[in-house]
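Chains as they are written, first to last, in this note's numbering: chain G, 954 to 1245; chain C, 289 to 586.
Right, here's the structure in full:
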């Protein structure tokens, strides 16, 4: 074991905390903006540490009342920045697109992990190359295609495109989790006369439960944060949180407090999810290529 | 193996053939990537005629416009600048921070956890965060930079063409350097200890150890991280869209943003499709070349 000197140990700790603090600061600043009054948001020099917290922004965005708004200021649910339905849109799209992506990719990942067919490497390369496509190159033609077939502005349309976006990640990541299961287990089941379908359902799926859950979490997060497809393929019918944020920029100025409140609400579930998959995070971020 | 496999159509039912397993995936990929690709190619030979209110065939006009369009070349240069500068900064910074965090001390797990948080924020909201912090009047970052004497009071960061791209890059660096840190850190944590002990006995300096032992053993990890980050850097769109819309002038126009604006803001459907095709071909060539040279395998 390599032992550090006391001096190096403490300076490493100090530097590590300082750098992390730099990365956390923008989050802190945005988070506190959600609890600030307009007066404090626009103050010069900026208020960083001391301000009197208010829940007004959250009341306006979610149409609930904590008693910070005066009665005539806004009717809960009726204000310009009432965004609770948009949060619902985000949830519906993320949940269903994740389910679809996982359903399609578990089957494909099984074949890619367990069957030696001709052209398997080319197939994997093709799946990977769809991950490289710039979203605009898909969004532009899909705009016209969706217009023609009436999928514009619909949950179905966005769910399909988000599932597609997550497919390369899901297929490659699940393949890497399936590869971890020793082949001997399913080969002995084959000798016992079990069919491939049965092995998939009774052995592979239960054994890869944790990996499938981690993959689902990542798909959910990527759908939750996606911007350009929703921006392009919706008009008024539905909007997810990242896209609707840009509507807070109005001609009379930007409603920073409301936007920050919505942002905080959008980040909170993602923060919880990502902390749940810490162990599989690096494998997920590298599409199953690196194992921790 | 001694077991008998069913072949042909019967294999579809028993599941011995890969076809039924892969069919749903192939269907999705064909409908949502191959078909749009051909549609895009078709679109690039047409243009919307406002008076006829329909698409008309224009031959190769969009392609010749492209070559002679100075804004296209500027967008290309912004895209490559963004790509190379940020890749370099994020790899170097990511490696330094990863080396710093590579420790078993108590509390370092918490620091790693805190760094993962930036990865799950919608990039559009990150753009808004930095828009607020870089506001010329009440932005906290503007205030700090002015207090440090780096910025003079007259030039707003995002509305001055010499600093706008840097202002946008800052958001990307903040959000995605932790991506590099986490991947490098996982690589560092899994390295064997023996070479380091041998190097210490030989009296190697810290830099020599890093250069001769850490870097070579980390090459695969670095290659994968560069590939994945590089793909996303080349497709950059969200930050510019919310922070600057490409301005001032063309200083923050990436290829993706230019293609999108031509299509939807200026109703140049064919030209936008042409631009998006260029971006698609470039990224496919660069990424696959990199995979081939760096021998990245899945």
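Beta carbons: idealized from backbone N, C-alpha and C, even for Gly.
Computed from a predicted model, the values in this text were never measured in an experiment.
How about residue 1116 of chain G and residue 1054 of chain G: do their beta carbons lie closer than 8 Å?
In this structure, residue 1054 of chain G lies closer than 8 Å to residue 1116 of chain G by Cβ.
If we call anything under 8 Å between Cβ atoms a contact, is residue 1239 of chain G one with residue 471 of chain C?
Yes, the pair counts as a contact, with Cβ atoms nearer than the cut-off.
Nearest to residue 424 of chain C by alpha carbon, out of C:451, C:493, C:394?
For residue 424 of chain C, the nearest C-alpha among the options comes from C:451.
Where does residue 954 of chain G fall in DSSP's three states?
Low local confidence applies: a pLDDT of 49 at residue 954 of chain G is under 50, so the model's placement there is unreliable, and no value is given.
Please name the residue, chosen from C:500, C:475, C:575, that lies closest to residue 486 of chain C on a Cα-to-Cα basis.
When each option's Cα is compared against that of residue 486 of chain C, the closest is C:500.
Take residue 299 of chain C as the anchor and find which of G:1150, G:1017, G:1223 has the nearest alpha-carbon.
Nearest of G:1150, G:1017, G:1223 to residue 299 of chain C, Cα basis: G:1150.
Please list, in chain order, the chain G residues whose beta carbon lies closer than 9 Å to that of residue 328 of chain C.
In chain order: 1090, 1091, 1093, 1094.
Please report the distance separating the alpha-carbon of residue 349 of chain C from that of residue 1203 of chain G.
Their Cα atoms are separated by approximately 38 Å.
Please identify, using Cβ separations under 8 Å, the residues of the stretch 959-974 of chain G that lie next to chain C, in order along the chain.
Against chain C - using a Cβ distance shorter than 8 Å - the residues of the stretch 959-974 of chain G are 962, 965, 966, 968, 969, 970, 972, 973.
For residue 1212 of chain G and chain C, any beta-carbon pair shorter than 8 Å?
Yes, contact with chain C.
At a CB distance below 7 Å, what residues from the stretch 300-321 of chain C approach chain G? Give them in sequence order.
Listed by position, the residues of the stretch 300-321 of chain C near chain G (Cβ gap below 7 Å) are 302, 303, 304, 306, 309, 310, 312, 313, 316, 317, 320, 321.
How is residue 1203 of chain G classed by DSSP in three states: helix, strand or coil?
Three-state result, residue 1203 of chain G: strand.
Of all the residues that make up the stretch 1034-1063 of chain G, which are near chain C by a beta-carbon distance shorter than 7 Å?
Against chain C - using a Cβ distance shorter than 7 Å - the residues of the stretch 1034-1063 of chain G are 1057, 1058, 1060, 1061, 1063.
Under 7 Å Cβ to Cβ from residue 383 of chain C, same chain only, skipping five residues before and after it: list those, please.
So the qualifying residues of the chain are 472.
Pick helix, strand or coil for residue 336 of chain C, following the three-state DSSP scheme.
The answer is strand: DSSP assigns residue 336 of chain C an E or B state.
Using DSSP bridges, identify the partner residues of residue 509 of chain C.
Per DSSP, none; premise fails for residue 509 of chain C.
Going along the chain, which residues of its own chain have a beta-carbon closer than 7 Å to the beta-carbon of residue 568 of chain C, five neighbours each way excluded?
Nothing meets the Cβ criterion.
For residue 377 of chain C and residue 410 of chain C, I'd like the C-alpha separation in whole angstroms.
Each residue's alpha carbon lies about 22 Å from the other.
Using three-state DSSP, classify residue 1194 of chain G as helix, strand or coil.
Residue 1194 of chain G: helix per DSSP, three-state reduction.
Does DSSP classify residue 442 of chain C as helix, strand or coil?
Residue 442 of chain C falls in the coil class under three-state DSSP.
Does the stretch 996-1005 of chain G touch the stretch 421-436 of chain C, meaning 3 or more C-beta pairs lie closer than 8 Å?
Yes: at least three Cβ pairs fall under 8 Å.
What residues in the stretch 987-1014 of chain G bring their beta carbon closer than 8 Å to a beta carbon of chain C?
Flagged, chain order: 994, 995, 996, 997, 998, 999, 1001.
Within the 8 Å Cβ cut-off, does residue 1231 of chain G reach chain C?
So yes, residue 1231 of chain G belongs to the interface.
How would you call residue 369 of chain C, buried or exposed, if buried means at least 16 neighbouring beta carbons within 10 angstroms?
Answer is exposed; the Cβ neighbour count stays below 16.
Have a look at G:1133, G:1087, G:1234 and flag the residue whose alpha-carbon is nearest the alpha-carbon of residue 1182 of chain G.
Ranking G:1133, G:1087, G:1234 by Cα distance to residue 1182 of chain G puts G:1087 first.
If you run the structure through DSSP and keep just helix, strand and coil, what is residue 345 of chain C?
Residue 345 of chain C falls in the strand class under three-state DSSP.
State the Cα-Cα distance for the pair residue 1184 of chain G and residue 964 of chain G, rounded to the nearest angstrom.
Roughly 46 Å separates the two Cα atoms.
Within a Cβ cutoff of 6 Å, which residues of the same chain sit near residue 1035 of chain G, ignoring the five residues on either side of it in sequence?
Cβ within range, chain order: 1016.
Would DSSP call residue 1187 of chain G helix, strand or coil?
Reduced to three states, the DSSP call for residue 1187 of chain G is coil.
Where does residue 436 of chain C sit, in a helix, a strand or coil, going by DSSP?
In the structure shown, residue 436 of chain C sits in coil (DSSP, three-state: anything other than H, G, I, E or B).
How many Å lie between residue 979 of chain G and residue 1002 of chain G at the Cα?
Roughly 13 Å between the two C-alpha positions.
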